[in-house]
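Asker:
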Amino acid sequence: MKRLASILAAVALLAGLAAPQRAAADPAVGWITGVAVASVALGVIYDTPQADKDRQYVRAGIGAFDLVDDEDTAIEGRVEYLPDWHFYRFRPVIGAAGTSDGGAIVYGAIGHDFVLPYEMFYVWFETGPALYFEGGGKDLGSVAVLRSGFEVGYRSEGGWRLGASFHHMSHGELFGDVNPGTEMVALNLWIPF
Numbered sequence: 030m031k032r033l034a035s036i037l038a039a040v041a042l043l044a045g046l047a048a049p050q051r052a053a054a055d056p057a058v059g060w061i062t063g064v065a066v067a068s069v070a071l072g073v074i075y076d077t078p079q080a081d082k083d084r085q086y087v088r089a090g091i092g093a094f095d096l097v098d099d100e101d102t103a104i105e106g107r108v109e110y111l112p113d114w115h116f117y118r119f120r121p122v123i124g125a126a127g128t129s130d131g132g133a134i135v136y137g138a139i140g141h142d143f144v145l146p147y148e149m150f151y152v153w154f155e156t157g158p159a160l161y162f163e164g165g166g167k168d169l170g171s172v173a174v175l176r177s178g179f180e181v182g183y184r185s186e187g188g189w190r191l192g193a194s195f196h197h198m199s200h201g202e203l204f205g206d207v208n209p210g211t212e213m214v215a216l217n218l219w220i221p222f
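Numbers in my numbering are just positions in the sequence shown, counted from 1, shifted up by 29.
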């Protein structure tokens, strides 16, 4: 019971981080929060074995930056490191991304991994702080932002993964009234080692 209470507290914390009160009107934040709560809750209820919890990964992705608003769309490339440290289904992520219009993002996150039964498919959620340097791209109103998102995809027997992700990035009006936010959609390859 004590374990369940601590897990539910972690779910509430992650949901709160993914949906700052001022940014709650953004539909993207609602979708990300919904996926986060559902995947964490299913992980607690079904408690399926996590096949890749002791693997390290490099995750590389390519996608579109600001695709939803389509105000300043650019190509985004990213590379991330996921160490094999974990607590329950949570593990850290360290990453960097660049956009075709000269933007750069450096970020850290806590991710939640839920490998579905039969270990062929997975749902991944992550949230954490980021530093965004706009270059010639979209002005988000602050260098400091929160980057949250989810990914769904296929997992091979050897631990390789291919997934599609959706992320939202904004500062939730914590650093001023200019807070347009942006979304990123990407195709990601997870390389185990």
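C-beta atoms are modelled at their ideal positions from N, C-alpha and C, and glycine is treated no differently.
Have a look at Val-58 and Ala-80 and give me their C-alpha separation to the nearest angstrom.
Answerer: Each residue's Cα considered, the two are about 29 Å apart.
Asker: Using the beta-carbon count (16 or more within 10 Å), is Tyr-161 buried or exposed?
Answerer: Buried, by the Cβ-count rule.
Asker: Would you mind stating whether Tyr-151 and Gly-178 have Cβ atoms separated by less than 8 Å?
Answerer: No, these two residues do not count as a Cβ contact at 8 Å.
Asker: Note down, in chain order, each residue of its chain lying with its Cβ closer than 6 Å to the Cβ of Phe-94, except the 5 sequence neighbours on either side.
Answerer: The answer, listed in chain order, is Ala-103, Glu-105, Thr-128 and Met-213.
Asker: For Leu-71, which three-state DSSP category applies?
Answerer: Here Leu-71 sits in helix by DSSP.
Asker: First and last residue of the beta strand (DSSP E) that includes Glu-105?
Answerer: Looking at the DSSP string, the run of the beta strand (DSSP E) that includes Glu-105 is 103-111.
Asker: Near Gly-137, which residues of its chain fall below 6 Å by C-beta distance, leaving aside the five closest residues on each side in sequence?
Answerer: Counting only Cβ-Cβ distances below 6 Å, and skipping sequence neighbours, we find Ile-123 and Gly-157.
Asker: Provide the residue(s) that pair with Glu-155 in DSSP beta bridges, ordered along the chain.
Answerer: Glu-155 pairs with Gly-140 and Gly-178.
Asker: Checking the sheet assignment: what are the DSSP bridge partners for Phe-94?
Answerer: Phe-94 is bridged to Ala-103 and Met-213.
Asker: Is there at least one Cβ from chain B nearer than 8 Å to Gly-201's Cβ?
Answerer: In the structure shown, chain B cannot be found, because there is only a single protein chain.
Asker: Quick check on the burial criterion: 16 or more other C-beta atoms within 10 angstroms. Buried or exposed for Ser-185?
Answerer: Classification of Ser-185: exposed, given that the 10 Å Cβ count is below 16.
Asker: Relative to the C-alpha of Val-108, which candidate in Gly-92, Val-144 and Asp-168 has its C-alpha closest?
Answerer: Comparing Cα-Cα distances from Val-108 to each of Gly-92, Val-144 and Asp-168, the minimum goes to Gly-92.
Asker: Could you tell me which residues DSSP pairs with Leu-160 in its beta bridges?
Answerer: Answer by DSSP bridge pairing, in chain order: Val-135 and Ala-173.
Asker: Measuring only the C-alpha atoms, how far is Lys-82 from Ile-134?
Answerer: Between Lys-82 and Ile-134, the C-alpha separation is close to 26 Å.
Asker: On the premise that Leu-175 lies in contact with Ser-194, defined as a C-beta separation below 8 Å, what is that separation, rounded to the nearest angstrom?
Answerer: With 8 Å as the limit, Ser-194 and Leu-175 do not qualify as a contact, their Cβ atoms being about 16 Å apart.
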